[in-house]
Structure formats: C-alpha cells, structure tokens
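In my numbering, the protein residues as written are 1 to 181.
The beta carbon of each residue, even a glycine, is placed where N, CA and C say it ideally should be.
Since the structure is predicted, the reported quantities are computational estimates derived from the model, not experimental observations.
Working notes for the structure below.
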C-alpha cells in the first residue's frame with residue numbers, strides 16, 4: 001500500500017462529496033469538480049473525511065493508490081481554498097492586459113498575442129508584468145500557465161521572457177572577444 005494513499009482526506013465545512021458508480025463529485029463554495037475512479041480503487045465517504053483504499057485482488061494498483069488520494073485531496077482543497085500560480089514578464093516593453101475572457105500579451109513580437117482564458121480560471125495582472133492565475137483545479141491552472149510561458153520562455157543570455165515566479169533561469173556567458181593577431 002502507498003504511504004500517501006493511507007492518509008485520510010479531511011473534509012472541510014461547505015464541501016459535499018457524492019460517489020455514483022465510478023464517478024466522484026465534489027461540490028464546494030468555488031464550484032463543482034468530478035473525477036472518474038478506476039476499478040481497483042475504492043473511495044469510502046465517512047463523516048468528516050474520505051478514505052481511499054485498494055480493493056482486494058488489485059495489489060498491482062498500489063501506484064494509483066497514492067495518485068488518486070492526491071487528486072481527490074486537490075479537488076477538496078481547490079474547492080475550499082483555491083490554487084494560484086504567478087508568472088513574471090521580464091523584458092523592455094513586455095506587458096499583459098486582461099480584456100474580458102482574453103489575455104493580451106505584448107512580449108516583443110510585431111503583434112500582440114491573445115490567449116483565451118479557460119472557463120473556471122480567473123486571471124489578474126499586477127503592475128503590467130505579473131500575471132496571477134487562480135482557480136480550483138491545479139491541473140487546469142498549470143496547463144494554462146505553461147501555455148502562457150511557452151509564448152516567450154526565458155532565454156539564457158539576458159533572462160528576458162515569461163517565467164514562473166521564483167523560477168531560477170540559468171544564464172550563459174556570451175561570446176568572448178578573441179585576441180587579435
């Protein structure tokens with residue numbers, strides 16, 4: 001059995017959990033999330049917590065045991081507290097603007113780049129160069145943050161580009177002037 005999988009998932013006030021067939025539905029103040037539970041994994045709903053167990057005869061599913069416990073815990077935490085991810089834009093003239101459901105980025109190209117913000121995510125821009133993505137599903141937040149970063153990833157010589165907040169970008173040395181003969 002997985003050590004992570006054995007730990008119970010505490011249910012916070014305001015969170016409702018329903019299990020119908022193999023579909024787990026979690027409702028909270030920030031919305032609703034659903035997840036299919038594969039055969040071999042059993043979810044037991046108790047008063048104030050959830051327990052994820054392996055069903056008998058499925059010992060080879062132990063690698064999924066901890067995974068499903070973490071995924072379900074992320075659903076509960078996301079619907080009660082939410083998740084956020086910050087991106088920083090470094091470069092002269094780099095800026096971001098949110099216009100309705102569009103994120104408009106100016107990152108050194110001859111044209112502005114526009115991205116549609118997925119449903120269920122909130123995007124805010126602080127100081128024109130910091131993008132804050134928040135929502136209840138960490139997978140969706142991470143996917144959208146990766147799409148934004150891929151538009152202009154940080155380059156290794158000057159460090160210009162879009163990076164995650166706190167991300168370390170290793171810098172390379174530029175060309176050295178060779179001695180003239």
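Bridge-paired residues (DSSP) for residue 104: Beta-bridge pairing links residue 104 to 97, 114.
8 angstroms contact criterion, which residue 35 and residue 71 should meet: CB distance rounded: The distance from the Cβ of residue 35 to that of residue 71 is about 6 angstroms, consistent with a contact at the 8 angstroms cut-off.
Expected contact under 8 angstroms - CB spacing of residue 45 and residue 76 to nearest Å: Not quite, the Cβ-Cβ distance comes to about 12 angstroms (not below 8 angstroms), so this is no contact.
C-alpha distance - residue 120 paired with residue 157, whole-angstrom precision: Distance between residue 120 and residue 157, taken at the CA atoms: about 36 angstroms.
Cβ-based neighbour list, residue 61, same chain, cut-off 7 angstroms, excluding 5 preceding and 5 following: Counting only Cβ-Cβ distances below 7 angstroms, and skipping sequence neighbours, we find 40, 41, 54.
Beta strand (DSSP E) runs wholly inside the segment 43–84, at least 3 long, in chain order: If we require 3 residues or more, the beta strand (DSSP E) runs fully inside the segment 43–84 come out as 49–54.
Segment limits, beta strand (DSSP E) that includes residue 7: Residue 7 -> no beta strand (DSSP E), and no H or E assigned at all.
8 angstroms CB neighbourhood of residue 170 in its chain, flanking five on each side removed: The answer, listed in chain order, is 156.
Beta-bridge pairing of residue 176 - partner residues as DSSP gives them: DSSP output for residue 176 lists no bridge partner at all.
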